[in-house]
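Enquirer: Handing you a structure now.
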Amino acid sequence: MTKRYPAKRDEVVYLLRRHAPELERFGLISLSLFGSVARNQSTRDSDVDLIAEFAPGKPDGLFEFVELKGYLSNIVGRPVDLITLSTIKPRLKAHILKEAIRVI
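Residue numbers (my numbering): -19 to 84.
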């Protein structure tokens, strides 16, 4: 189980950037933060919302995607909600991308 820590935007960005070389093995091209943590409005129960963009052919199946999600959760010390651009509902896309902070 993931430990719970306060999710401050700058801390989350720092932690993820510090692990960028390890994250590249998952085929990440970019990673962006959005949601309550990006707005510095997170509560102790907030998860960390991330948008991932992958190299062609990555991730190599659901197992690798779930592995990345767990790896990210361990880095930030909170549950992670990991999505891709293609899975964002059209009616929410503009709002999400407007507040997104590119991390990697």
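Even for Gly, the Cβ is constructed at its ideal location relative to N, Cα and C.
1) Could you spell out where the beta strand (DSSP E) holding F14 opens and where it closes?
2) Can you name the start and end residues of the beta strand (DSSP E) that V28 belongs to?
3) Determine the closest residue to N20 out of R(-11), V60, G7 and D40, with distance taken between C-alpha atoms.
4) Assuming A(-13) and S26 form a contact by the criterion Cβ under 8 Å, report the distance between their Cβ atoms to the nearest whole angstrom.
5) Within 10 angstroms of its Cβ, does I9 collect 16 or more other Cβ (buried), or is it exposed?
Expert: Checking against the coordinates, here is how it stands:
1) Stepping through the sequence shown from its first residue, residue 14 is reached at position 34. Element bounds for F14: L8 to F14.
2) Here residue 28 corresponds to residue number 48 of the sequence shown, with the count starting at 1. It spans V28 to F34 - the beta strand (DSSP E) in which V28 sits, taken as one unbroken run.
3) Position 40 of the sequence shown, counting from 1, holds the residue named residue 20. Minimum Cα distance to N20 is reached at R(-11).
4) For this step, residue -13 is matched to residue 7 along the sequence shown. For this step, residue 26 is matched to residue 46 along the sequence shown. Confirmed, Cβ separation roughly 6 Å.
5) Locating residue 9 in the sequence shown gives position 29, counting from the first residue. Result: exposed.
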